[in-house]
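Colleague: I have a structure here, written as structure tokens, and I will follow up with some questions on it.
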Amino acid sequence: QLCLMVPAMAALYRPSRNSLVDQLIRRCRGRSVTYLITKNSIRELVRALRKNTIVWYAPDQAYSGKNSVIAPFFGEAAMTNTATSQIARISGAAIVPYLPRRLEDGSGYIVDVLPALEDFPGDDLAADAARINRLLEDEIRKAPDQYYWVHRRFKRRPAEYRDPYSR
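Residue numbers (this note's numbering): 15 to 181.
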């Protein structure tokens with residue numbers, strides 16, 4: 015319903031290797047957003063933001079490589095994407111966090127739209143990543159049962175960190 019209240023909304027997504035699954039994802043997400051942007055289409059993302067298109071982007075995924083830093087997430091070192099800061103800097107877009115929560119009776123959602131982040135991005139990508147993680151932690155604590163805990167948030171860490179998923 016939120017998507018119906020805004021003029022245009024795009025969502026970032028990672029295409030599935032399975033073409034049938036990818037088709038299903040595109041069809042389902044296509045019901046609620048104007049268009050989808052694949053995660054590697056940064057130019058398309060920046061163009062959308064410069065046109066004032068709202069972009070849904072999930073910063074709580076596990077990342078690795080040159081566009082990630084280690085930042086605490088619930089007291090555990092987590093590989094955290096720095097793209098939020100970099101894209102905000104390149105596009106000039108405001109970062110406006112919003113978080114949907116299911117209603118207890120299952121009849122729908124409430125969407126909390128938070129104020130745009132002030133002084134963001136900063137000069138330090140690691141500090142920005144830690145700030146985003148703290149914001150997520152604060153919001154997750156409001157309804158921890160609704161967070162997608164099965165997502166392996168602490169994978170892809172450097173070897174000096176213990177693997178929390180090993181047995």
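Ideal placement from N, C-alpha and C gives every residue a C-beta, glycine not left out.
1) Please classify residue 63: is it buried, with 16 or more other beta-carbons within 10 angstroms of its beta-carbon, or exposed?
2) Taking 7 Å as the line, does the beta carbon of residue 167 fall inside it for any heavy atom of the ligand GDP?
3) Can you grab the Cα-Cα spacing for the pair residue 17 / residue 41, in whole Å?
4) Name the two residues that bound the continuous alpha helix (DSSP H) containing residue 98.
5) Return helix, strand or coil for residue 51, following the three-state DSSP convention.
6) At what residue ranges does the segment 72–143 contain a whole run of the beta strand (DSSP E), taking only runs of 3 or more?
7) Shortest alpha-carbon distance to residue 176 belongs to which of 100, 120 and 91?
Modeller: Put simply:
1) buried
2) Inclusion of the ligand GDP in the displayed structure is not the case, the ligand content being empty and no account of it being possible.
3) Note on residue 17: pLDDT 49, under 50, position unreliable in the model; the coordinate value appears next. Residue 17 and residue 41: Cα-Cα distance of roughly 15 Å.
4) 97–105
5) strand
6) 82–87, 90–95, 112–116 and 123–127
7) 91
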